[in-house]
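Number of protein chains: 2
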Amino acid sequence: MTPVVAARSGPREDAERFPIPHLEAFVATILTAAELPPADAQTVARLMVSADARGADGHGVFRLPQYVQRIQAGGINRHPQMRLVQDHPATALLDGDNGMGHLVMSRAAAVAMEKSASTGIGWVGVRYSNHAGPAAMYAAMPLEKNMIGLYLAIGNANHMAPWGGTELLLSTNPIAIAVPAGTHPPVILDMATSVAAFGKVKRKLQDGEPLPLGWMIDGMGQPLTDPAHAHDGSLLPIGGPKGYGLALMIGLLAGTLNGAAFGREVVDFNADSHSITNTGHCVVAIDVARFMDLDAFKAAVDAVCEQIHGSPTLPGAEIRIPGEHSAALVAESRELGVPLAPAVVRQLELMAAEFGVNPL
Amino acid sequence: MTPVVAARSGPREDAERFPIPHLEAFVATILTAAELPPADAQTVARLMVSADARGADGHGVFRLPQYVQRIQAGGINRHPQMRLVQDHPATALLDGDNGMGHLVMSRAAAVAMEKSASTGIGWVGVRYSNHAGPAAMYAAMPLEKNMIGLYLAIGNANHMAPWGGTELLLSTNPIAIAVPAGTHPPVILDMATSVAAFGKVKRKLQDGEPLPLGWMIDGMGQPLTDPAHAHDGSLLPIGGPKGYGLALMIGLLAGTLNGAAFGREVVDFNADSHSITNTGHCVVAIDVARFMDLDAFKAAVDAVCEQIHGSPTLPGAEIRIPGEHSAALVAESRELGVPLAPAVVRQLELMAAEFGVNPL
Chain A
-1 MTPVVAARSG PREDAERFPI PHLEAFVATI LTAAELPPAD AQTVARLMVS
49 ADARGADGHG VFRLPQYVQR IQAGGINRHP QMRLVQDHPA TALLDGDNGM
99 GHLVMSRAAA VAMEKSASTG IGWVGVRYSN HAGPAAMYAA MPLEKNMIGL
149 YLAIGNANHM APWGGTELLL STNPIAIAVP AGTHPPVILD MATSVAAFGK
199 VKRKLQDGEP LPLGWMIDGM GQPLTDPAHA HDGSLLPIGG PKGYGLALMI
249 GLLAGTLNGA AFGREVVDFN ADSHSITNTG HCVVAIDVAR FMDLDAFKAA
299 VDAVCEQIHG SPTLPGAEIR IPGEHSAALV AESRELGVPL APAVVRQLEL
349 MAAEFGVNPL
Chain B
-1 MTPVVAARSG PREDAERFPI PHLEAFVATI LTAAELPPAD AQTVARLMVS
49 ADARGADGHG VFRLPQYVQR IQAGGINRHP QMRLVQDHPA TALLDGDNGM
99 GHLVMSRAAA VAMEKSASTG IGWVGVRYSN HAGPAAMYAA MPLEKNMIGL
149 YLAIGNANHM APWGGTELLL STNPIAIAVP AGTHPPVILD MATSVAAFGK
199 VKRKLQDGEP LPLGWMIDGM GQPLTDPAHA HDGSLLPIGG PKGYGLALMI
249 GLLAGTLNGA AFGREVVDFN ADSHSITNTG HCVVAIDVAR FMDLDAFKAA
299 VDAVCEQIHG SPTLPGAEIR IPGEHSAALV AESRELGVPL APAVVRQLEL
349 MAAEFGVNPL
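For the protein sequence lines, the chains are A and B, in the order given.
For what it's worth, my numbering labels the leading residue of the first sequence as -1, then goes sequentially.
For what it's worth, my numbering labels the leading residue of the second sequence as -1, then goes sequentially.
Right, here's the structure in full:
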């Protein structure tokens, strides 16, 4: 099996839809066939399908072949002994023992929520984790306890140079923040610190389209618009030096502070399926009720959303609150099934045949 | 006195330099003459001069006339009874009772550090504060205890529309993060969520120069390049919807969560010197030693800085680590004095005459 590229398949018109429980069971079966413990396989499957259900299809079921390849190559510990190497009233450092990122981050979020319930906030740093899917998923976990969630991560491949430089020392290190609302969907921001994700660049290559100006530069600082040369260039950070600075700080907080990989230590998990990635993240849970009455807060968030939604728009434009598009996609996926691109479906069918399990 | 505009004076060639203690004493004298208690006047003066010393001249002594105007107009409480309206092991909510922002935020940072020393992290939300100067200053306070600092704030005037909208519901809400290093200066990011600060727009107006493309748009979404029409347009967020999303989340965390003003509630403190601004901020202190050995962490941060500095540059470019330029300016200011633009010096001399105190 060749390394799987990280292009987003996108919710296209030709997508096929599958009921959530059916798709979860299929993914869990494959992961179990790859010898993950069944309970862990189910947890990972649930989160992977949840990514597709919310529209983060570049971080969902699409990744299954790559995950299985890494598990089989020995790049993932199937039986990690996760442990808190630091444990304080409001902070902890979790060593994921190179387990599946979804399992490590679920544990980290649970610890953050426990600490927050006790002290008002829980900040849990993580090392020796792996790619864990969309950032929003972990920022959103504390919402179930009426907590605000914050998530930072080091991406699993460096595609961005420092501002003014040419060496790809930075990933598109994402930040996600989730805030509970009342009648409005939770406000959830999930953003990379680059103008475009590298997966979008790969999609342009697949589609035979040039890259828009402002996405990438080449080694001379000139605009790079031919996606076939993307590996010779650098993604551009949002706001120039600002996005570079933000990616750097996220690297220090999610990586260096936790003893996780950053800079030249980062393993390109698209090109290498066996090396330990030592992926760093951190997840934070903030207990809203420690600041103000929960219902009053939710009403205030609703009011902010309504004020923004009710404000005048540019000609032909609409105003979105972060998170509401995902919430609509989740509702749609529950009703109609989770959309998968035909290419992804074909890859899943190949895997089913390979493992001798029932087809999708 | 007419309302003071928030243009940056900038460290120009024609700047005059003043020794730090001398400038601090002058500012404290003026603030005392405006009937701030002497100890408070000294604290505010020290922080205001510190802003200029680090190059944040748009948030330093330049603001003195505006602050005095607000104090005299009754828009600032000279004798605030600050209190923790919420106080938990790792979080607190500080009501600043409409005191000077510098005093409120110094108190908030102290509380955050105390809580962090006890639990690993302290997150302090603030309401009923005021403009407090550069974000970096408060993110940097925890450095003295070998803690990482994080600061979020709601700006004191709305200059940015939601993405797709035209109503100025957002400020350029800044974020600052400070991380201690070993031999390298602390890594300190201080960024607005807009491409350009509104002060820079005003500077272009003063200098008779057009605005670069990408700074602002007009009410039809077209590029706005004439700074004389800046008040009819919107600053653009970094990364389009990303910067908008970040400004919104900072608003929810620094404002809504603390019961502080956000959206239409925000008072334009440049145009109105008497209304209570109910400015919201939050400051966070994270105790590095709760994650890893302090010296090992500092060495790791140095290694990241050296890796980035030692990496190849674009033709004619240099690579900067956030915070090192400010550190160099601080060293220069200590040696040569703090630079003030001639227009600022003239304004200070006018104030000295007005209050009958010794000239600068």
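We put the CB at the ideal spot given by N, CA and C, even for glycine.
It should be emphasised that the depicted structure is a prediction, and the values quoted were computed from it without experimental measurement.
Proximal residues to residue i (C-beta, below 6 Å), its chain only, five neighbours per side dropped
| i | result |
| --- | --- |
| Glu22(B) | Ala43, Arg44, Val47 |
| Val2(B) | Only weak support exists for where Val2(B) lies, its pLDDT of 32 falling under 50; the coordinates are left without a value. |
| Trp213(A) | Val193, Ala194 |
| Leu327(B) | Arg52, Gly53 |
| Lys143(A) | Met111 |
Proximity test, Cβ basis, 8 Å: residue i and chain A
| i | result |
| --- | --- |
| Arg318(B) | yes |
| Leu255(B) | yes |
| Lys240(B) | yes |
| Ala226(B) | no |
| Pro210(B) | no |
| His86(B) | yes |
| Leu250(B) | yes |
| Ile69(B) | no |
| Val177(B) | yes |
| Ala134(B) | no |
| Gly237(B) | yes |
| Val122(B) | no |
Reduced DSSP secondary structure (H/G/I, E/B, other) of residue i
| i | result |
| --- | --- |
| Ala88(A) | coil |
| His279(B) | strand |
| Ile274(A) | coil |
| Phe16(B) | strand |
| Ala145(B) | Here residue 145(B) turns out to be Met, not Ala, going by the sequence shown. Correct three-state label for Met145(B): strand. |
| Pro369(A) | Outside the modelled stretch of chain A, which goes from -1 to 358, sits residue 369(A), for which no answer is possible. |
| Thr311(B) | strand |
| Ala71(B) | coil |
| Pro140(B) | helix |
| Pro132(A) | coil |
| Gly163(A) | strand |
| Leu101(A) | helix |
| Ala54(A) | coil |
Own chain partners of residue i with C-beta closer than 7 Å, once the 5 adjacent residues on each side are dropped
| i | result |
| --- | --- |
| Leu358(B) | Phe16, Phe24, Val343, Leu346, Glu347, Ala350 |
| Ile306(B) | Ile317, Ile319 |
| Ile407(A) | Since the first residue of chain A shown is -1 and the last is 358, residue 407(A) is not available in this structure. |
| Val355(A) | Thr27, Ile28, Ala31 |
Contact with chain B by residue i, beta-carbon distance below 8 Å
| i | result |
| --- | --- |
| Glu322(A) | no |
| Val193(A) | yes |
| Ile152(A) | no |
| Gly99(A) | no |
| Arg262(A) | yes |
| Gly180(A) | no |
| His129(A) | no |
| Thr170(A) | no |
| Leu62(A) | no |
| Trp161(A) | yes |
| Ile164(A) | Note that residue 164(A) is Thr in the sequence shown here, rather than Ile. Closer than 8 Å to some Cβ of chain B, the Cβ of Thr164(A) qualifies, so yes. |
| Gly197(A) | no |
| Leu358(A) | no |
| Met158(A) | no |
| Trp213(A) | no |
| Thr89(A) | yes |
| Ala315(A) | yes |
CB contact below 8 Å: residue i versus chain D
| i | result |
| --- | --- |
| Thr311(B) | Note that chain D does not occur in the displayed structure, where the protein chains are A and B. |
Residue(s) in a DSSP beta bridge with residue i
| i | result |
| --- | --- |
| Leu233(A) | Met158(A), Met214(A) |
| Met389(A) | With chain A represented from -1 up to 358, any question about residue 389(A) goes unanswered, as that position is not in the structure. |
| Leu82(A) | Leu92(A) |
| Arg125(A) | Asp93(A) |
| Leu21(B) | Paired residue(s): none; Leu21(B) is not in a bridge. |
| Gly120(B) | Ala283(B) |
| Pro225(A) | The partner list for Pro225(A) (beta bridge, DSSP) is empty, contrary to what the question assumes. |
Own chain partners of residue i with C-beta closer than 8 Å, once the 5 adjacent residues on each side are dropped
| i | result |
| --- | --- |
| Ile74(B) | Tyr65, Arg68, Asn96, Gly97, Met98, Asn128 |
| Pro87(A) | Lys113, Ser116, Thr117 |
| His272(B) | Arg68, Ala71, Gly72, Gly73 |
- prompt: Along the region 271 to 305 of chain A, what residues have a CB closer than 9 Å to any CB found in chain B?
  reply: So the list reads Val282, Ile284, Asp285, Val286, Arg288, Phe289, Met290, Ala294, Phe295, Ala298, Val299, Ala301, Val302, Gln305, given in the order they occur along the chain.
- prompt: Going along the region 106 to 119 of chain B in order, which residues come within less than 9 Å of chain A, judged by CB to CB distance?
  reply: Cβ contacts with chain A: Lys113, Ser114, Ser116, Thr117, Gly118, Ile119.
- request: For the region 325 to 355 of chain A, enumerate the residues whose C-beta is nearer than 8 Å to any C-beta of chain B, in chain order.
  value: Listed by position, the residues of the region 325 to 355 of chain A near chain B (Cβ gap below 8 Å) amount to none.
- prompt: Of the residues that make up the region 11 to 38 of chain A, which ones have a beta carbon closer than 9 Å to any beta carbon in chain B?
  reply: Residues are counted here when their Cβ sits less than 9 Å from a Cβ of chain B; for the region 11 to 38 of chain A the count is zero.
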